[in-house]
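> Chains A and B supply the protein sequences, listed in that same order. If you read the first sequence in full-length UniProt numbering, its first letter stands for residue 1, the second for the next number, and so on. If you read the second sequence in full-length UniProt numbering, its first letter stands for residue 1, the second for the next number, and so on. Structure provided below as structure tokens; questions to follow.
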Amino acid sequence: MKSKTSCFNKTIFNKNFTHFWPIWLIVMGWNLFILPFMIYNNSLQYKMMTGLTEKELAAMKETDIISAVSVYISPAVLFAFSVIAAMAVFSYLYNSRSANTIHALPVTRKELFITNYLSGLLFLLVPEFVGFLTGTLVSAGCGYTSMNYLLQGFLFACGISFFFYTFAVFIGMFTGQLFAIPVFALIINFLYVGYKFIFVNLVAQISYGLSGDYNNSALDVLSPLFYMSRKVTTNIDYQGEYPVCNGISGANVVIGYALCAVVLIVFAYLIYKSRNMETAGNLIAISWIGPFFRWGVALCGGTLFGAIFSSIFNIRGATQVFIMLALSTLIFGAVFFFAAQMFLEKGFRVFTKKRMIECGAFVAVFFVVLIGIECNWFGQESKLPDTDKIESAYINCAYPVGGKDTQLIEEIKDIHKQIIDSKKKFESYAAANEDVSWVNIKYYLKDGSVLRRTYTIPATDDMLKDPESAYGKVAEMMSDPDAYLKNVFGFNYDQMTIDEGYIDGTRGSTDEYWRYDLSKENTEKLYQAFVADLKAGNYKEYLLSNMSTGTDYQDITYVSTINIDYSCIKGIINMYNLYSRDSYPEPYNTDSTACISFDKNCKNIISTLIELGVIESEDDLVTVTEQNSDAEGTVDADY
Amino acid sequence: MIEVNNLVKEFDGFRALDGTDMHVKKGAIYGLVGPNGAGKSTLIRHLTGIYRQNEGTVKIAGEDVYENPHIKEKFAFIPDDIFYFMQADVMEMKRFYQGMYPKFDDKMFYRLMEYFPTINPKKSIRSLSKGMQKQVAFWLAICTRPELLILDEPVDGLDPVMRRQIWSIVMADVAERDTTVLVSSHNLRELEDVCDHVGIMHKGKVIIERSLSELQGSVCKIQVAFQAEMPKLPENFDVLHMSNTGRVYTLIVKGNPTEAKEQLEKMHPMLIDLLPLTLEEIFIYELGGVDYEVKDILF
């Protein structure tokens, strides 16, 4: 006899277990394949390996385990399984026949929810546990010692599955259509980052200086699958003699999401309790979600398709771009508004007076927001961070210059402010002229956020000569010897050791490649000549050629390049990595090769090359223009 | 047994039940009739605790039904559109019902097996015909030993032999255990044979709720012929309908049939005969004045 206060129904649990066995069997198969089978399979290779030290063998085995665990805890796979499990156990809610039959049974919604919820969760956790257990046994049998990663992996998998499954159940409570669950779950998992990406691109089209680049932020946590895929990782460092495993990172992320899942369970249950069974078959089962759905779809559709549509046309001029963007965005917004309503009403008769007024309100609000962006009401164009909040700042025209130095930060801010103040002048110039230069400014703030701006500034000879112009100031920074040396050899170039090097190139029409190897001593001489040319200002013309789109210095730049091998025990801090922060993590490489171009102005380099016997005279060096014209002559002669 | 008071249910602004009242006594066989869209199924879904009402009360055995498993154990519901789990056979559904209904009678299940010889209990129910699926539903429902059977269009899709058999099983249960039966149908002919009480639904309301004998005793059909023309009928003579073939008149009269006959006899007719009225005819004439889709009830 069942108790009246029962929360769990054995009969329903058994029904789930017997009816959805293919699901847990697939999850079980996957877990058995990933852990025990893969570990066993990998262990077979060691029988054929000889000459490995114990330490190397242990490191390789540890790598095997952590590689298997990385697949075992893959958020994308666990998300897919979780969604399927949630769909299965709550599938009765999405068909009026099954919903009516089940809810006419002598069982409360609380009992139904808890029983079905637990059934689905166990579909995931039990196979994961079996995978972990058999994986541990197989690992022990194959002589693996680092089983702690398996336990860690199991806990991670449980946490991730718990979150994604609860999330899918929560989503499922809002819809009345079974196959809307995976669609909504996927969309909501990427909604924040996806919309941010689209919105940033839209804003970049109409805002002065804003770039369409996506910057990670703390709010990315609102896109769980995206966030987890980045944060929950297994770390294997292949540098050195043998691989080093640094464990599984992202425990705090998984714990955070698991705690969120607890809250989601409560909300999912409350929604289930209040859910009307007559909504089975509706796209949205909870009526108050309808307006959010309509406006959300209209907003996302309008922004995405409006931004794409307006960018198809190569319109120049800020006002024209805004008009085109606003028109396309609002039209697409209205289209998506009614499309969403059609999905809600399962019909095409949606053009009622009420909806027309609502759509008008949406369009008006959206238009005001666009006007606000265009008119800088939100201050996004004039935003300059306070110096005390900046960790480091960089300006990139030909190459990135910057760092944590306060004076440098102030200089970059000064240029930035000047560019902001010259908005109208620069925008109208860029719309009508070709001789412009792209300037990227990036601030890494102490709170972890990044402020990035991209401008097109006029790059005329007059401005170059004017030290007070924005272009003149940027050019001055770009031609600073110290800044260029940091760019070529790394931020800590003063700690480097020069090894050997070589110079190579091609010889005019013959297209003959030549190479001259340099000893360490000669390489150092050439490096000193390079530094001397930099300090003498001989590189200025070459560096400026990289800054402007309207200038061409190929007629003085040589084809030949100087290649210098160098090393730094503490690791080479690449300037571009400091600027972008999206490349190699620490520790940095300890050795590298710098490739240095030079031109006719580099007198010190040329005289050193003659002194070292690399060339007999300056005439032996070929410029890019000479090589190109020779090549064209050869082609002409051939035909 | 069932008490529904002022029940209101709205679907997106549409009022499907508009202050419905319904009362079913214990042991009654109550026929709920009405045209399509009258609200019969919606009312039944409230009685079975599937839907939650906007207003009003739905009580079975004196207790609210919604979210009340104690009450839900007491009734069995056979919907028009029956649901079975995918791949489930009769035995599996039996185990499920056995787990859900504490009073499930295992012996009865096997005893009733002989009444359904065409059903293979090991075959997936979904692969059976609609009629067979309905038979399975009755089989399982009876075995739960319900105090109340709620049937929505129960014998649709069954052949006449099986209809008779199903009803005989239900009637036997009623006779043996005083089971209350609520049966919804738009087929009056079917209900006439089995119901002792009838409720008529129209536009979300139960407009008439009476016992069948009460209904049949309140309207009668009289055939009468006079030498000359039809004399003027008395003031209190409530004729719902009158037609004639030559001198023979057919009157549908509201009121006590015997009293009506006596009054007509006082006019010295050549011929007078009191004829029985079918449930169909009662509804046609009783509801003739209401904006009511009689055809939907009858055909």
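Beta carbons: idealized from backbone N, C-alpha and C, even for Gly.
What span of residues does the alpha helix (DSSP H) with Ile188/A cover, start to end?
Counted from its first residue, the first sequence places residue 188/A at position 188. Ile188/A -> alpha helix (DSSP H) spans Ala180 to Ile206.
> First and last residue of the beta strand (DSSP E) that includes Phe305/A?
Taking the first sequence and counting its residues from 1, the one referred to as residue 305/A is at position 305. From DSSP, Phe305/A is part of no beta strand (DSSP E) but of the alpha helix (DSSP H) over Gly290 to Ile312.
> Can you tell which of Lys26/B, Met108/B, Asn6/B and Glu259/B has its C-alpha closest to the C-alpha of Gly19/B?
Here the question's residue 19/B lines up with position 19 in the second sequence. Gly19/B has its Cα closest to that of Asn6/B, out of Lys26/B, Met108/B, Asn6/B and Glu259/B.
> Got a sec? Which residues, its chain only, sit under 6 Å from Val297/A by beta carbon, not counting five neighbours each side?
Taking the first residue of the first sequence as 1, we reach residue 297/A at position 297. Within the same chain, Val297/A has close Cβ partners Phe336 and Ala340.
> Under the criterion of a Cβ to heavy atom distance below 7 Å, does Asn563/A qualify as lining the ligand GTP?
You won't find the ligand GTP in this model; it holds no ligand whatsoever.
> By the 10 Å Cβ neighbour count, where 16 or more other Cβ atoms means buried, how is Trp377/A classified, buried or exposed?
For the purposes of this step, residue 377/A is identified with residue 377 of the first sequence, where counting begins at 1. That one is exposed.
> How far does the alpha helix (DSSP H) with Ile271/A in it extend, from its first residue to its last?
Sequence index remark: in the first sequence, residue 271/A carries index 271 (1-based). Looking at the DSSP string, the run of the alpha helix (DSSP H) that includes Ile271/A is Ala251 to Ser274.
> Compare the Cα-Cα distances from Ala88/B to each of Lys123/B, Ile208/B and Asp156/B and report the closest residue.
Position 88 of the second sequence, counted from the first residue, corresponds to residue 88/B. Per the Cα distances, Lys123/B.
> To which residues of the same chain is residue 303/B closer than 6 Å at the C-beta, ignoring the five residues directly before and after it?
The first residue shown for chain B is 1 and the last is 299, placing residue 303/B beyond what the model contains.
> For Gln53/B, count the other beta carbons within 10 Å of its own beta carbon; 16 or more makes it buried, fewer makes it exposed. Which is it?
Sequence index remark: in the second sequence, residue 53/B carries index 53 (1-based). So Gln53/B counts as buried.
> Along the chain, where does the alpha helix (DSSP H) that runs through Pro257/B open and close?
Against the second sequence, residue 257/B aligns to sequence position 257. Where Pro257/B is concerned, the enclosing alpha helix (DSSP H) stretches over Pro257 to Glu265.
> Is there contact here, the stretch 176 to 195 of chain A with the stretch 141 to 159 of chain A, by at least three beta-carbon pairs under 8 Å?
No contact exists between the stretch 176 to 195 of chain A and the stretch 141 to 159 of chain A.
> Is the CB-CB distance between Asp533/A and Asn604/A below 8 Å?
Translated into positions along the first sequence, residue 533/A becomes position 533. Translated into positions along the first sequence, residue 604/A becomes position 604. Yes. Within cutoff.
> Going along chain B in order, which residues have a C-beta closer than 7 Å to the C-beta of Lys15/A?
Numbered from its first residue, the first sequence carries residue 15/A at position 15. Those are Phe85 and Phe96, listed as they occur along chain B.
> Which residues in chain A sit within 8 Å of Lys72/B, going by Cβ to Cβ distance?
Residue mapping note: residue 72/B aligns to position 72 of the second sequence, counting from 1. Near Lys72/B (Cβ distances below 8 Å), the residues of chain A are Ala104, Leu105, Pro106 and Val107.
> So what's Ser597/A in DSSP terms, helix, strand or just coil?
Numbered from 1 along the first sequence, position 597 holds the residue referred to as residue 597/A. Looking at Ser597/A - three-state DSSP - the assignment turns out to be strand.
> Measuring only between beta-carbons, confirm whether Arg189/B sits less than 8 Å from chain A.
Stepping through the second sequence from its first residue, residue 189/B is reached at position 189. It does not: the Cβ of Arg189/B has no partner Cβ on chain A nearer than 8 Å.
> Where do the N-terminal and C-terminal ends of the alpha helix (DSSP H) with Asn14/A fall, by residue?
In the first sequence, counting from the first residue as 1, residue 14/A sits at position 14. From DSSP, the alpha helix (DSSP H) with Asn14/A extends over Lys10 to His19.
> Beta-carbon of Glu67/B versus every beta-carbon of chain A: anything under 8 Å?
As a first step, residue 67/B is located in the second sequence; it is residue number 67 there, counting from the start. Closer than 8 Å to some Cβ of chain A, the Cβ of Glu67/B qualifies, so yes.
> So Ile573/A and Asn440/A are in contact, right, with Cβ under 8 Å, and what is the actual spacing, rounded?
Position 573 of the first sequence, counted from the start, is the residue given in the question as residue 573/A. Position 440 of the first sequence, counted from the start, is the residue given in the question as residue 440/A. That belief does not hold up - the Cβ atoms of Ile573/A and Asn440/A are roughly 20 Å apart, past 8 Å.
> Counting only the same chain and skipping the five closest in sequence on each side, list residues whose C-beta sits under 6 Å from that of Ile286/A.
Numbered from its first residue, the first sequence carries residue 286/A at position 286. Cβ neighbours of Ile286/A beyond the five flanking positions: Phe174.
> Given a cut-off of 8 Å, decide if Val33/B and Leu188/B are closer than it, judged by their beta-carbon atoms.
For the purposes of this step, residue 188/B is taken as residue 188 along the second sequence, with counting starting at 1. For the purposes of this step, residue 33/B is taken as residue 33 along the second sequence, with counting starting at 1. Contact flag set, yes.
> Going along chain A in order, which residues have a C-beta closer than 7 Å to the C-beta of Arg45/B?
Sequence index remark: in the second sequence, residue 45/B carries index 45 (1-based). By Cβ distance, chain A contributes Asn100.
> For the beta strand (DSSP E) containing His197/B, name the first residue and the last one.
Reading the second sequence from its first residue, position 197 is the one you call residue 197/B. Where His197/B is concerned, the enclosing beta strand (DSSP E) stretches over His197 to His202.
> I'd like to know whether the C-beta atoms of Phe75/B and Pro146/B end up nearer to each other than 8 Å.
Taking the first residue of the second sequence as 1, we reach residue 75/B at position 75. Taking the first residue of the second sequence as 1, we reach residue 146/B at position 146. In contact: Phe75/B and Pro146/B (Cβ atoms closer than 8 Å).
> Please list the terminal residues of the continuous beta strand (DSSP E) segment that includes Lys525/A.
Locating residue 525/A in the first sequence gives position 525, counting from the first residue. Taken as a continuous stretch (DSSP letters only), Lys525/A belongs to no beta strand (DSSP E), being part of the alpha helix (DSSP H) at Lys520 to Lys535.
> Going by the beta-carbon positions, is the gap between Leu370/A and Ala334/A smaller than 8 Å?
Translated into positions along the first sequence, residue 370/A becomes position 370. Translated into positions along the first sequence, residue 334/A becomes position 334. Cβ distance not < 8 Å, so Leu370/A and Ala334/A don't count as in contact.
> Along the chain, where does the alpha helix (DSSP H) containing Tyr249/B start, and where does it finish?
Position 249 of the second sequence, counting from 1, holds the residue named residue 249/B. No alpha helix (DSSP H) contains Tyr249/B, which is instead part of the beta strand (DSSP E) from Val248 to Lys254.
> How is Lys570/A classed by DSSP in three states: helix, strand or coil?
As a working mapping, residue 570/A is identified with position 570 in the first sequence. In this structure, Lys570/A counts as coil in the three-state DSSP scheme.
> For the stretch 248 to 281 of chain A, enumerate the residues whose C-beta is nearer than 7 Å to any C-beta of chain B, in chain order.
For the stretch 248 to 281 of chain A, which is checked against every Cβ of chain B, the residues closer than 7 Å are Asn276, Met277 and Glu278.
> Quick one: which chain B residues come within Cβ less than 7 Å of Arg97/A?
Residue numbering aside, residue 97/A sits at position 97 when the first sequence is read from its first letter. Ordered by position in chain B, the residues that pass the 7 Å Cβ test against Arg97/A are Asp81 and Phe83.
> I need the straight-line Cα distance from Gln554/A to Asp599/A, nearest angstrom please.
Stepping through the first sequence from its first residue, residue 554/A is reached at position 554. Stepping through the first sequence from its first residue, residue 599/A is reached at position 599. Approximately 9 Å, taken between the alpha carbons.
> Check the Cβ of Lys10/A against every Cβ in chain B and list those closer than 9 Å, keeping chain order.
Along the first sequence, read from residue 1 onward, the residue named residue 10/A stands at position 10. Here the neighbours are Gly99.
> Any C-beta of chain A sitting closer than 8 Å to the C-beta of Gly49/B?
Numbered from its first residue, the second sequence carries residue 49/B at position 49. Yes, its Cβ sits closer than 8 Å to a Cβ of chain A.
> Run through DSSP, which three-state label would Ser243/B get?
In the second sequence, the residue the question calls residue 243/B occupies position 243. In this structure, Ser243/B counts as strand in the three-state DSSP scheme.
> Output the distance between the C-alpha atoms of Ile284/A and Leu344/A, rounded to the nearest integer angstrom.
Here the question's residue 284/A lines up with position 284 in the first sequence. Here the question's residue 344/A lines up with position 344 in the first sequence. The alpha-carbon atoms of Ile284/A and Leu344/A are separated by roughly 7 Å.
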